[in-house]
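J.:
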Amino acid sequence: MITAKAAAKQYRGRDNTVVHALNPLDLVIEPGDRVGIIGESGSGKSTLVRLLLGLETPSAGSILYQDGEVSQLSGDRLRQFRRDVQLVGQDTTSSFDPLRSLRDAVRRPALEILGLTVAEADAAVDEVLASLAVDPELSSRRPSQVSGGQRQRFAIARALIVSPRILICDESVSALDVSVQGAVLNEFKDFAERSGAGIVFVSHGVPATAFLSDRLVVMHGGDVVEQGDVSQVVNRPKHPYTARLMGAYRKLSADESSAA
Amino acid sequence: MPGDVGLRAANAVEVADLRVRYRTPDGWFTAVSDFSLTVSSGQRVAIVGESGSGKSSVCMALAGLLPLGAAVEATTARIIETDLTARPTRAIPYQVPGVSVVFQNAMNALDPVWTVGSQLGTAIRGRGATSRARARVLAGEWLERVGIRDPARVLRARPYELSGGMRQRVMIAIALCSQPELLIADEPTSALDVTLSVDLLELITSLTADLGTTLLMITHDIGLCRAYSDRVVVMHRGRVVEQGDTEQVLAAPSADYTAALLACAPSLGQLNDHRLTTMVGVS
Numbered sequence: 004m005i006t007a008k009a010a011a012k013q014y015r016g017r018d019n020t021v022v023h024a025l026n027p028l029d030l031v032i033e034p035g036d037r038v039g040i041i042g043e044s045g046s047g048k049s050t051l052v053r054l055l056l057g058l059e060t061p062s063a064g065s066i067l068y069q070d071g072e073v074s075q076l077s078g079d080r081l082r083q084f085r086r087d088v089q090l091v092g093q094d095t096t097s098s099f100d101p102l103r104s105l106r107d108a109v110r111r112p113a114l115e116i117l118g119l120t121v122a123e124a125d126a127a128v129d130e131v132l133a134s135l136a137v138d139p140e141l142s143s144r145r146p147s148q149v150s151g152g153q154r155q156r157f158a159i160a161r162a163l164i165v166s167p168r169i170l171i172c173d174e175s176v177s178a179l180d181v182s183v184q185g186a187v188l189n190e191f192k193d194f195a196e197r198s199g200a201g202i203v204f205v206s207h208g209v210p211a212t213a214f215l216s217d218r219l220v221v222m223h224g225g226d227v228v229e230q231g232d233v234s235q236v237v238n239r240p241k242h243p244y245t246a247r248l249m250g251a252y253r254k255l256s257a258d259e260s261s262a263a
Numbered sequence: 005m006p007g008d009v010g011l012r013a014a015n016a017v018e019v020a021d022l023r024v025r026y027r028t029p030d031g032w033f034t035a036v037s038d039f040s041l042t043v044s045s046g047q048r049v050a051i052v053g054e055s056g057s058g059k060s061s062v063c064m065a066l067a068g069l070l071p072l073g074a075a076v077e078a079t080t081a082r083i084i085e086t087d088l089t090a091r092p093t094r095a096i097p098y099q100v101p102g103v104s105v106v107f108q109n110a111m112n113a114l115d116p117v118w119t120v121g122s123q124l125g126t127a128i129r130g131r132g133a134t135s136r137a138r139a140r141v142l143a144g145e146w147l148e149r150v151g152i153r154d155p156a157r158v159l160r161a162r163p164y165e166l167s168g169g170m171r172q173r174v175m176i177a178i179a180l181c182s183q184p185e186l187l188i189a190d191e192p193t194s195a196l197d198v199t200l201s202v203d204l205l206e207l208i209t210s211l212t213a214d215l216g217t218t219l220l221m222i223t224h225d226i227g228l229c230r231a232y233s234d235r236v237v238v239m240h241r242g243r244v245v246e247q248g249d250t251e252q253v254l255a256a257p258s259a260d261y262t263a264a265l266l267a268c269a270p271s272l273g274q275l276n277d278h279r280l281t282t283m284v285g286v287s
């Protein structure tokens, strides 16, 4: 459904130097896929997300939705793309209009992308909030009047209300307390199982990513250094960077520290 | 660098019945109550808890850095040689002598206008009479000590010209160059990647061990707490729910809250688990 073909992105940095944010990358994402993309700051994860969403144009290669170039989509095709591919980002505070209610934010894609009437959209909001076990009373509040975990659930509701075929989660739980992370991760997994949609889970946190993914893509310095089945990448990493990353987690885990 | 460790008090921190309140438009908000903690010199203690648990309020109170609108009360509050309860209030909060703090966000904690050399030099000169030239040399040595490979360049750089990890190393150098008795590290690596977190915690714990500095670390990361603390204090909603030897508490928590917190931290051992444990129902 989304295909990256040798997609690359360069930026012009200070002193006119060229920054290679993302080196040529091939990736195919279909509904039903669960792809985890891990890497640290500066590894190119966010650039990849922006390319997949059509928010930026690749400097070389292409990003295809079905068989059309994402950056060239317009009209009904663009609307279809926005319906099929949705994002849940990291910063829930800045992704909501502070002056409007949460209900308003969740309802908007239903009005604009699905073309529902206000009454139909409101019913859809209630339905999606119920599926996430969110108290519908909260939806009359403004974003600053709910906790970070609740706000993230509204961000998820806003993405799920159009029934996307592919959900892109960019550091979606990184800012949440560990007690809330688990619940949100479970909600992503439930959604994928219920709807058959694909999930692209992008994070620097390996355990959460591994939990949600069948396939892991490891990025480092703008390159994909390794990809494969999740248990292979976690337990038998091939690239030295991946081995170092998994080693850091093992160092902090129960079995290793007690042995140390 | 010669460490003039000298005589140290047996306990770096002795706090009993600490309460921290903030003045809000709706009246007083109590962030911390009934907090008691004794830390003997040279120990590494981690305070763990979620957002809103009061862990940062405790640490800022112990460092003397809470704003004027905050009220700190305690039956005992001795930090190194300072009695917090007998300390005069000033318009601008001032740090307790012998205490250094490493903050979570080095970008905000460092001054964007001055070079690293100038800020580190100021911290070194604050310790005692040292010429500017000598402070410069010591600053370079401290940068090497915190693992910066090209100290000459970094001394001339301003904070925004450095990576997040480098900035955090600079802040560690600034905090430790005064050879403090107590280092308070407030989520020192939570904005950083895990490989870097591990490197920086290794650095902090080895330098504090060399200097004989007591370490009080705030974190929400059970893994960091497990690997880098001797004792742990678990906080929830402004109160201590459990404290003790780190290994014991994590292996066999006595409070339900601690057990729930441990159970819901995702680990690499859960690849095939269908669902993650959540905290629903625990309060």
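Read top to bottom, the protein sequences are chains A and B. 4 is the number of the first residue of the first sequence in the numbering used here; add one for each residue after it. 5 is the number of the first residue of the second sequence in the numbering used here; add one for each residue after it. Here a beta-carbon is modelled for each residue, glycine too, at the ideal position from N, C-alpha and C.
Helix, strand or coil: which one does DSSP assign to cysteine 181(B)?
T.: The answer is coil: DSSP assigns cysteine 181(B) none of H, G, I, E or B.
J.: Which residues in the same chain as glutamine 47(B) place their Cβ atom closer than 8 angstroms to its Cβ, once the five residues preceding and following it in sequence are excluded?
T.: So the list reads Ala16, Thr218, Leu219, Asp234 and Arg235, once near-sequence residues are dropped.
J.: Measuring alpha carbon to alpha carbon, tell me which of Glu246(B), Gly242(B) and Ser182(B) ends up nearest glutamine 123(B).
T.: Comparing Cα positions, the closest option is Ser182(B).
J.: Going by other Cβ atoms of all chains shown within 10 Å of its Cβ, with 16 needed for buried, is isoleucine 96(B) buried or exposed?
T.: When all chains shown are included, isoleucine 96(B) counts as exposed.
J.: For cysteine 63(B), would you say it is in contact with chain A, using Cβ-to-Cβ distances shorter than 8 angstroms as the test?
T.: No, cysteine 63(B) does not count as interfacial toward chain A.
J.: Let's see if you can read the secondary structure: which residues bound the alpha helix (DSSP H) around lysine 48(A)?
T.: Note, lysine 48(A): alpha helix (DSSP H), 48-55.
J.: Examine chain B for any beta-carbon lying closer than 8 angstroms to the beta-carbon of valine 52(A), and answer yes or no.
T.: For valine 52(A), the answer is no, since every Cβ of chain B falls outside 8 angstroms of its Cβ.
J.: DSSP three-state call for glutamine 247(B): helix, strand or coil?
T.: Glutamine 247(B) falls in the strand class under three-state DSSP.
J.: Determine, using beta carbons only, whether alanine 231(B) and leucine 102(A) come nearer to each other than 8 angstroms.
T.: No, the Cβ-Cβ distance between alanine 231(B) and leucine 102(A) is not below 8 angstroms.
J.: Is the separation between the beta-carbon of glutamine 230(A) and that of leucine 215(A) shorter than 8 angstroms?
T.: No.
J.: Specify, as a first and last residue, the run of the alpha helix (DSSP H) that threonine 262(B) falls within.
T.: Per DSSP, threonine 262(B) belongs to the alpha helix (DSSP H) from 260-268.
J.: Let's test the definition: count the other Cβ atoms within 10 Å of the Cβ of arginine 171(B) and tell me whether it reaches 16, buried, or not, exposed.
T.: Buried.
J.: Checking contacts by CB at 8 angstroms: is proline 270(B) closer than that to chain A?
T.: So, interface residue.
J.: I'd like to check one pair, arginine 145(A) with serine 97(A): are the Cβ atoms closer than 8 angstroms?
T.: It is not a contact, given that the beta carbons lie outside the stated cut-off.
J.: Could you check if aspartate 193(A) is buried or exposed, using at least 16 other CB atoms within 10 Å of its CB as the buried criterion?
T.: Exposed: under 16 other Cβ atoms inside 10 Å.
J.: Look at the alpha carbon of arginine 247(A) and the alpha carbon of serine 167(B), and state the distance between them as a whole number of angstroms.
T.: The straight-line gap from Cα to Cα measures roughly 20 angstroms.
J.: Could you name the residues of the same chain whose beta carbon sits closer than 7 angstroms to that of serine 258(B), not counting the 5 residues immediately before and after it, in chain order?
T.: Same-chain partners within the cutoff: Glu246.
J.: Would you be able to state if there are at least three C-beta pairs under 8 angstroms between the region 60-68 of chain B and the region 101-108 of chain B?
T.: Taking 8 angstroms as the limit for Cβ pairs, the verdict is that the region 60-68 of chain B does touch the region 101-108 of chain B.
J.: Tell me whether the region 72-82 of chain A and the region 152-168 of chain A touch, counting them as touching only if at least three CB pairs, one residue from each stretch, are closer than 8 angstroms.
T.: These segments do not touch.
J.: I want to verify the contact list: residues of chain A whose CB lies under 9 angstroms from the CB of leucine 207(B), in sequence order.
T.: Within 9 angstroms Cβ-Cβ: nothing; leucine 207(B) doesn't reach chain A, min ~14 angstroms.
J.: Taking only beta-carbon positions, decide if arginine 247(A) is within less than 8 angstroms of chain B.
T.: Yes, arginine 247(A) lies at the interface with chain B (some Cβ there is under 8 angstroms from its Cβ).
J.: Could you name the residues that DSSP lists as bridge partners for aspartate 190(B)?
T.: DSSP lists Ile222(B) as partners of aspartate 190(B).
J.: Which partner residues does glycine 71(A) have in the DSSP bridge list?
T.: In the DSSP output, where bridge partners are listed per residue, glycine 71(A) has Tyr68(A).
J.: Under 8 angstroms between the Cβ atoms of valine 181(A) and leucine 117(A)?
T.: Cβ distance not < 8 angstroms, so valine 181(A) and leucine 117(A) don't count as in contact.
J.: What are the residues that DSSP puts in a beta bridge with phenylalanine 4(B)?
T.: This structure cannot settle anything about residue 4(B), because the visible part of chain B is limited to 5 through 287.
J.: Please determine, among Thr209(B), Thr86(B) and Val49(B), the residue with the shortest C-alpha to C-alpha distance to valine 100(B).
T.: Ranking the options by Cα distance to valine 100(B), first place goes to Thr86(B).
J.: Identify the residues that DSSP records as bridge partners of aspartate 173(A): which are they?
T.: For aspartate 173(A), which the question treats as bridged, DSSP gives the partners Val205(A).
J.: So which residues on chain A does histidine 240(B) lean against when the C-beta distance must stay under 9 angstroms?
T.: What histidine 240(B) touches in chain A: nothing, since even the nearest Cβ is about 10 angstroms away.
J.: I need the straight-line Cα distance from valine 228(A) to lysine 59(B), nearest angstrom please.
T.: Distance between the alpha carbons of valine 228(A) and lysine 59(B): 39 angstroms.
J.: Of all Cβ atoms in chain B, is any one closer than 8 angstroms to the Cβ of proline 210(A)?
T.: Closer than 8 angstroms: yes.
J.: Assign leucine 255(A) to one of three DSSP states: helix, strand, or coil.
T.: In the structure shown, leucine 255(A) sits in a helix (DSSP, three-state: H, G or I).
J.: Helix, strand or coil for tryptophan 118(B)? Go by DSSP, reduced to three states.
T.: If DSSP states are grouped into helix, strand and coil, tryptophan 118(B) belongs with coil.
J.: For proline 163(B), which three-state DSSP category applies?
T.: Proline 163(B): helix per DSSP, three-state reduction.
J.: Does the beta carbon of glycine 39(A) sit closer than 8 angstroms to a beta carbon anywhere in chain B?
T.: No, its Cβ sits nowhere closer than 8 angstroms to a Cβ of chain B.
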